[in-house]
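Engineer: Counting from 1, one number per residue, gives the positions in the sequence shown under the working numbering. For every residue, glycine included, the Cβ atom is placed at its ideal position computed from N, Cα and C. None of these values were measured; they are calculated from a predicted model.
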Amino acid sequence: MAAVFSSSLPERVGRLSGCDVSADAPLAPLTSVRVGGPAEALVRPRSPDALVALLRLAREEGVPFTVLGGGANTLVGDGGIPGLTVKLPGDLFPEQAELGESEGRLTLGAGAAIVRLCNQMRAHGLVGAEFLAGIPGTLGGAVTMNAGTKNGECFRVVEAVEVATADGVGWLSRAEIPHRYRHSELPPGGVVTRVRFLLPKGDLVTSKRVMDEDLAYRKRSQPLSQPNFGSVFTNPPGDFAGRLIETVQLKGHVIGRAQVSLLHANWIVNLGGATARDVLSLLTLMQTRVREERGVELQPEVKRVGVFLP
């Protein structure tokens with residue numbers, strides 16, 4: 001059973017200017033896999049100043065602080081998330097475009113869906129971020145985990161990232177943010193607020209064809225019609241997590257109401273009514289079986305947050 005919180009935290013946050021707060025807010029509907037308990041205090045700041053005030057409150061009072069983007073690649077424990085869970089509205093910042101003769105800069109809010117970048121790219125005659133088409137989640141999440149596919153990663157097209165901390169808001173250049181495969185190192189306690197992308201002008205017909213082909217491939221090979229995370233594990237060097245999981249006979253395996261997808265073995269789907277415990281048990285089994293039978297330690301791409309019940 002999911003936890004029900006009884007602290008005064010939502011009331012204290014509610015006294016901050018520019019914040020919408022909900023107590024014991026269900027989080028499963030806000031995640032792509034549709035599992036997990038409630039947030040003690042789910043907060044949607046209405047301005048950058050309100051976000052900084054939240055971060056300051058968390059630091060001064062020692063309150064746990066979790067950022068929830070689009071809920072993709074996120075497993076919320078059945079016991080919910082203590083402290084502050086912050087979700088940036090998609091329209092917190094206006095979209096900006098600066099166009100030159102051969103390239104353009106697009107600046108979007110971190111709470112905006114990744115698809116907004118692809119739409120704005122096409123609208124301004126730009127190309128280069130086709131590999132992000134079809135990836136779920138928000139731009140803030142894409143930067144935080146350096147999202148991508150075999151055709152590219154987010155930081156390939158990022159020029160700068162705006163980050164809020166308890167001390168204020170400021171821009172960091174791409175070079176100032178260490179990043180690697182499916183990971184970026186943001187300032188401790190920092191929250192991405194805006195992202196500036198640098199993209200070349202190019203052939204929009206070819207760009208659209210590449211995105212359409214990628215989306216068609218995803219529909220054929222991935223269980224997009226069922227609640228899921230996307231990829232569960234990162235690919236180990238020189239191999240594919242899905243191939244390894246399939247070789248240990250776990251494709252289609254079910255625990256509770258969670259299943260290793262029949263379409264792609266590196267995806268877990270919610271058959272309806274799955275719990276975080278079901279999903280975590282399945283994820284752990286996949287790791288264990290591949291380690292024992294193939295000698296490979298799979299690294300989770302899924303981020304676990306909150307309290308996981310036994």
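Thinking C-beta only, is R194 closer than 7 Å to F93?
Structural biologist: Stepping through the sequence shown from its first residue, residue 93 is reached at position 93. Stepping through the sequence shown from its first residue, residue 194 is reached at position 194. Cβ atoms of F93 and R194: closer than 7 Å.
Engineer: Could you tell me which uninterrupted beta strand (DSSP E) segments, each at least 3 residues in length, are contained entirely in the segment 62-112, listed from first to last along the chain?
Structural biologist: 65-67, 74-76, 81-86, 96-99 and 103-109
Engineer: DSSP state of V192, grouped into three classes?
Structural biologist: One-based indexing of the sequence shown puts residue 192 at position 192. If DSSP states are grouped into helix, strand and coil, V192 belongs with the strands.
Engineer: Does DSSP classify K150 as helix, strand or coil?
Structural biologist: Here residue 150 refers to the residue found at position 150 when the sequence shown is read from its first residue. Residue state for K150 is assigned as coil, using DSSP reduced to three classes.
Engineer: Report back the beta-carbon spacing between G189 and T165 to the nearest angstrom; my notes put them in contact at under 8 Å.
Structural biologist: Taking the sequence shown and counting its residues from 1, the one referred to as residue 189 is at position 189. Taking the sequence shown and counting its residues from 1, the one referred to as residue 165 is at position 165. With a Cβ gap of about 6 Å, G189 and T165 count as contacting.
Engineer: According to DSSP, I268 sits in a beta bridge with which residue or residues?
Structural biologist: Locating residue 268 in the sequence shown gives position 268, counting from the first residue. Partner(s): V260.
Engineer: Does the Cβ-Cβ distance between G83 and G137 come in under 7 Å?
Structural biologist: Along the sequence shown, one-based indexing puts residue 83 at 83. Along the sequence shown, one-based indexing puts residue 137 at 137. No, the pair does not count as a contact, with Cβ atoms beyond the cut-off.
Engineer: Tell me which same chain residues have a C-beta within less than 7 Å of the C-beta of V158, skipping the five on either side of it?
Structural biologist: Numbered from its first residue, the sequence shown carries residue 158 at position 158. V143, R174, V195 and F197, listed in sequence order.
Engineer: Taking the beta strand (DSSP E) that P26 falls in, what are its first and last residues?
Structural biologist: Residue 26 sits at position 26 when you count from the first residue of the sequence shown. Run containing P26: C19 to P26, per the beta strand (DSSP E) assignment.
Engineer: Helix, strand or coil, according to DSSP, for S184 in the structure here?
Structural biologist: Residue 184 sits at position 184 when you count from the first residue of the sequence shown. Of the three classes helix, strand and coil, the one that applies to S184 here is strand, per DSSP.
Engineer: Below 7 Å between beta carbons: does that hold for Q299 and V269?
Structural biologist: Along the sequence shown, read from residue 1 onward, the residue named residue 299 stands at position 299. Along the sequence shown, read from residue 1 onward, the residue named residue 269 stands at position 269. No, the Cβ-Cβ distance between Q299 and V269 is not below 7 Å.
Engineer: Take D239 as the anchor and find which of E297, D278 and D24 has the nearest alpha-carbon.
Structural biologist: For the purposes of this step, residue 239 is identified with residue 239 of the sequence shown, where counting begins at 1. Comparing Cα-Cα distances from D239 to each of E297, D278 and D24, the minimum goes to E297.
Engineer: State the beta-bridge partners of S173 as determined by DSSP.
Structural biologist: On the sequence shown, residue 173 is found 173 positions in, with the first residue counted as 1. A160.
Engineer: Tell me whether S47 is buried or exposed, calling it buried when 16 or more other Cβ atoms sit within 10 Å of its Cβ.
Structural biologist: Position 47 of the sequence shown, counted from the first residue, corresponds to residue 47. Per the 10 Å Cβ criterion, exposed.
Engineer: Write down the C-beta distance between P310 and L263 rounded to the nearest angstrom, noting that I regard them as a contact closer than 8 Å.
Structural biologist: Taking the sequence shown and counting its residues from 1, one reaches residue 310 at position 310. Taking the sequence shown and counting its residues from 1, one reaches residue 263 at position 263. The pair is not a contact, with the Cβ atoms about 31 Å apart (cut-off 8 Å).
Engineer: What first and last residue would you give for the beta strand (DSSP E) that runs through E40?
Structural biologist: Stepping through the sequence shown from its first residue, residue 40 is reached at position 40. P38 to P45 is the span of the beta strand (DSSP E), which, as asked, contains E40.
Engineer: With 16 other CB atoms within 10 Å as the buried threshold, where does N151 fall?
Structural biologist: Looking up residue 151 in the sequence shown gives position 151. Under this definition N151 is an exposed residue.
Engineer: Taking only the alpha-carbon atoms, compute the straight-line gap between V35 and G272 and give it to the nearest angstrom.
Structural biologist: As a working mapping, residue 35 is identified with position 35 in the sequence shown. As a working mapping, residue 272 is identified with position 272 in the sequence shown. When the Cα atoms are used, V35 and G272 turn out to be separated by approximately 9 Å.
Engineer: By DSSP's criteria, P200 is part of a beta bridge. Which residues make up the other side?
Structural biologist: Locating residue 200 in the sequence shown gives position 200, counting from the first residue. Residue pairing by DSSP places P200 opposite E103 in a beta bridge.
Engineer: Looking only at its chain, what residues have a beta carbon closer than 7 Å to the beta carbon of S102, apart from the 5 residues adjacent to it on each side?
Structural biologist: On the sequence shown, residue 102 is found 102 positions in, with the first residue counted as 1. Excluding residues within five positions, the ones whose Cβ falls inside 7 Å are P200 and K201.
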